[in-house]
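Numbering of the sequence shown is given in our numbering, commencing with residue 51 and proceeding in unit increments. Everything below concerns the one structure shown next.
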Amino acid sequence: MEYVLLNMDQKVDSPLAERTNKVVTLLVPESYFDRLSLGDQRKLGKKLPYLLRRFSNFMVARSRLNRNAGATLYQNPGKMKKINFRVNTGHWAILGALAHAHGVSRCYLFNFLLSLDEVGVGDSIVKILDGGVPTFHENYKYIWQLDLTNNRISRHLEFSPNPLRTFYDTSFPWYQKFRTS
């Protein structure tokens, strides 16, 4: 036998935004959590859509947080506070795609975005990267390539359209929920 043909058409396809929100858990450093007011502690999970709106263009454009394509960075061990909250599955998927492309966990990226927001980096980023263009791209594709022949591993995030234009189709079902959250 000279050839073995395998089926490569295996694919999992699900709706991006489901009817119900997903309950998720993230870890934040206790030192950060304790600095927040009681009201801000309760609203911490609801910051995810805001953080993604504010920093997603920056995160797709910046150099990757983890230089090792074969490993995932997690937060430093220490005292962490577990927060549970409900999130739109579209936001959770975008956080996951960005985290995977950067080679970090969702918790790591969430805390990185919180730190950017806390030091006020977002103001300059919004003026430069988001001036008159949509917050999100229409399509994201994360590729993790294992090249066994050449002993290489790579992570790659593709997105379109690129460049972003000032027109944006707000008819996406998940975007409508996003605008109200």
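We put the CB at the ideal spot given by N, CA and C, even for glycine.
In whole angstroms, what separates the C-alpha of residue i from that of residue j?
i, j, result
"Thr-70", "Asn-201", "43 Å"
"Phe-49", "Arg-136", "No answer is possible for residue 49: the residues shown for the chain start at 51 and end at 231."
"Gly-120", "Ser-204", "8 Å"
"Lys-96", "Asn-118", "31 Å"
"Leu-56", "Leu-198", "18 Å"
"Ser-64", "Cys-157", "23 Å"
"Val-62", "Lys-191", "14 Å"
"Leu-166", "Phe-209", "23 Å"
"Ser-174", "Arg-103", "14 Å"
"Lys-72", "Val-54", "41 Å"
"Lys-93", "Asp-84", "13 Å"
"Met-58", "Gly-128", "42 Å"
"Arg-112", "Leu-159", "13 Å"
"Asn-126", "Gly-89", "26 Å"
"Gln-91", "Trp-194", "35 Å"
"Gln-60", "Leu-101", "33 Å"
"Asn-138", "Glu-68", "8 Å"
"Phe-217", "Glu-52", "Because Phe-217 sits at a pLDDT of 49, beneath the cut-off of 50, its placement in the model cannot be relied upon, and the following sentence gives the value as read from the coordinates. Straight-line Cα distance between these residues: approximately 52 Å."
Taking residue i and residue j to be in contact with their CB atoms under 8 Å, please state how far apart those CB atoms are, rounded to whole angstroms.
i, j, result
"Gly-146", "Leu-123", "Gly-146 to Leu-123, Cβ: 15 Å. No contact."
"Leu-66", "Gly-140", "5 Å"
"Asn-161", "Pro-79", "7 Å"
"Lys-131", "Leu-86", "With a Cβ gap of about 10 Å, Lys-131 and Leu-86 do not count as contacting."
"Ala-143", "Leu-207", "About 13 Å; that fails the 8 Å criterion."
"Phe-105", "Leu-163", "5 Å"
Report the option in the options whose CA atom is closest to the CA atom of residue i.
i, options, result
"Asn-116", "Ser-87, Lys-129, Ala-149 and Lys-131", "Ala-149"
"Glu-168", "Tyr-82, Gln-60 and Val-62", "Tyr-82"
"Asn-189", "Val-110, Phe-105 and Gly-128", "Val-110"
"Thr-75", "Gln-60, Leu-98, Gly-89 and Leu-88", "Leu-98"
"Arg-114", "Ser-155, Gln-60 and Tyr-100", "Ser-155"
Those runs of the alpha helix (DSSP H) which lie wholly inside the region 113 to 188 and span at least 4 residues: Inside the region 113 to 188, DSSP marks whole alpha helix (DSSP H) runs of 4 or more residues at positions 139 to 152, 156 to 168 and 171 to 179, from first to last along the chain.
Within the region 57 to 112, ranges of the alpha helix (DSSP H) (whole runs, at least 4 residues): DSSP runs (the alpha helix (DSSP H)) wholly in the region 57 to 112: 80 to 85, 88 to 93 and 97 to 111.
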